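Structure, as structure tokens:
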Amino acid sequence: SMLGLDAPLFPLKNPGILSIPIGFLAAIIACLAFPSRKSEEMFDEIYVRQNTGIGMAKAIDH
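Residues in the sequence shown are numbered from 1414 upward in steps of one, following the numbering used here.
Right, dumping it as structure tokens:
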């Protein structure tokens, strides 16, 4: 084992049952604990863009 354990901490056939929700919870806690100043500053601008379309780029042909 990578941690040097003889037996797994959680003997599950599919460890994603625990690791995925724990990962989401850790991401939410990190976002709430360490907010981005840039995101806070751009919130009003993005709110106006999403509701009015002002400042959006024009569509391009592919």
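Glycine is no exception: its CB is placed at the ideal position from the N, C-alpha and C atoms. Here the structure is a predicted model, which is why all the values come from computation and not from measurement.
Inset, instruction - Determine, using beta carbons only, whether Leu1431 and Phe1437 come nearer to each other than 8 Å. - result: no
Legend entry - For Leu1418 and Glu1454, the rounded distance between their alpha carbons: 46 Å
Inset, instruction - Output the boundary residues of the alpha helix (DSSP H) element that contains Asp1457. - result: Arg1450 to Thr1465
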